[in-house]
Structure formats: C-alpha cells, structure tokens
Amino acid sequence: MAAADQPMTFEQAVHAAVELDAPLNERLAVIAAAVRRIDANFADAVDRLVDRLEKQGAGAAAPTPGHAMPPFLLPDDEGRLVGLADILLQGPAVVTFQRGHWCPYCRLNAIGIVEAQQEIAALGGQVVVIMPERRKFARAMKAAVGAGFPFLTDMDNGYALSLNLAIWIGAEMERLMGVAYDLPNYQGNASWFLPIPATFIVGTDGIITDRFVDPDYRRRMDIDDLIAALRRAR
C-alpha cells in the first residue's frame, strides 16, 4: 500500500481537525471518528459511559439561564486568585469547564475559542477556562493553544461539584484511560472524577444568560453560538 493511502494516525486526525475550516462540532467529530476507527472498543466504552450519564441526568441540575452563577475564587495558571466578581467588572463572562490538557476534544475546544478571541474581546467578553488539574498542566495547556485568557485550577473538582457538573468516569473507563493518561498525577488525587465540559455565558449582573451542558464530552458549544450568546449578555 502506498504511503499516501495509509490511514491517518490519531495525531494526524487531531491536526486535521485543528486545521479544518468548519464549525467546532464538525471538527470534534473528526476526532471522534478517528477514535472509533483506531480503537472501536474504546469508542464503544465511551458510548456506554455517555448512555449511563444521560440516563442519570448528569448535568441536568447545573445552574440554568436566569439564575445567578455561583461565585468562585480559583488560582490561575500563574498562581493568582481569580474571582468571578472581578471578571464581571470587565464584561460578560464565558466560563467553560474542560477535562484536562490531555483531552484532544478540550484542546480543540480551547483552540476554537482562541480563534475567536478578537471577536470575543470586541464584545467585551472575558473568557476563563476551569479544569481540575495541577497548575503546571493548566499552564501547559494554555501555552499549547496560545490562549490569552486564564486557565483556572479547580482542585478535586470542588467548584464543578458545587454546580452538579462533576462525574465519576466509572471502572471501565478508568481501566481504559489509565493505560495512556495519568489522571491521579494530573489532578493530584485518585478519584477519577471529571467535569462535564459545560460552558456558561454570564452577564455583568452575574446572571446566566445561556449555557451548554452535555454529558457527551465529544460535543461542545459551537463558537458561533458562543458569540451570539455573548451579544445577548451585553
């Protein structure tokens, strides 16, 4: 078989998704398709996880539009404490939860936001990423995606738990993911809890105007929807 006919490696598929000129969820689908092609057993396990979470109503009890966004005070990638109230003094906020620096879906989600940074700034929007990882890993992800906004560390998923967003991935996924990812090292605990990668748009009055909460981590708030939500929040 000629080299040109060889199927893409996973890394090549992720790069292709990053380079694709398409809505975010279409780019994420490229990664999901590559996972299924390369390791169908893992993809099936993800489907079982998502099915369990959906049946349990995971994320359904998270704060909804019209309600106040619970306050937080979390360290950023440089160790400075960042509070929601301080962010909202500068403009409406995009508060987005990501699973970790190791997650290709999260990296692509962050890259999509970075690509729209200029448009977000023109609307006065302030972006913060919240992830349950130690500071050095949050800093590494921020650098990898070229972000100018802060990446906040939510140790032990404390804030995510308070928003009903933290989920246990289950014994099957712990076994499968543990082959490639050292979550206990990344997070500083052995709980194998992750946040649902939700996004909240919060007006300067602290009220949520829009949200995206989906227990399937392969789907995220599209960037066009994020921009439209920011316009409504102004």
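Residue numbering for the sequence shown follows the working numbering, beginning at 114 and increasing consecutively. Note that CB positions come from ideal geometry on N, CA and C, so glycine has one too.
Residue i, DSSP secondary structure in three states
i           : result
residue 261 : coil
residue 175 : coil
residue 297 : helix
residue 155 : helix
residue 123 : helix
residue 330 : coil
residue 280 : strand
residue 309 : coil
residue 273 : helix
residue 148 : helix
residue 315 : strand
residue 130 : helix
residue 181 : strand
Limits of the unbroken beta strand (DSSP E) element including residue i
i           : result
residue 323 : 321-325
residue 187 : 186-188
Sequence-distant residues of its chain with Cβ nearer than 8 Å to residue i (five each side left out)
i           : result
residue 138 : 332, 333 and 335
residue 205 : 236, 237, 238, 239, 314, 315, 316, 317, 322, 343, 346 and 347
residue 164 : none
7 Å CB neighbourhood of residue i in its chain, flanking five on each side removed
i           : result
residue 326 : 172, 175, 309 and 311
residue 224 : 131 and 258
residue 302 : 269
residue 248 : 188, 190, 192 and 266
Assigned exposure category for residue i - 16 Cβ within 10 Å defines buried
i           : result
residue 292 : exposed
residue 361 : Given a span of 114 to 347 for the chain in the structure shown, any question on residue 361 remains unanswerable.
residue 199 : exposed
residue 187 : buried
residue 341 : exposed
residue 246 : buried
residue 213 : buried
residue 222 : buried
For residue i, the first and last residue of its enclosing alpha helix (DSSP H)
i           : result
residue 340 : 336-346
Cut-off 6 Å between Cβ atoms - residues of its own chain near residue i, not counting five sequence neighbours on either side
i           : result
residue 123 : 147 and 151
residue 306 : 270, 279 and 281
residue 263 : 189, 195 and 241
Beta carbon proximity, residue i to chain C, threshold 8 Å
i           : result
residue 207 : Among the chains in the structure shown there is no chain C, since it carries only a single protein chain.
- [ ] Could you pull out every unbroken beta strand (DSSP E) segment of at least 3 residues lying fully inside the segment 190-257, listed in chain order?
- [x] 194-196, 206-210 and 239-244
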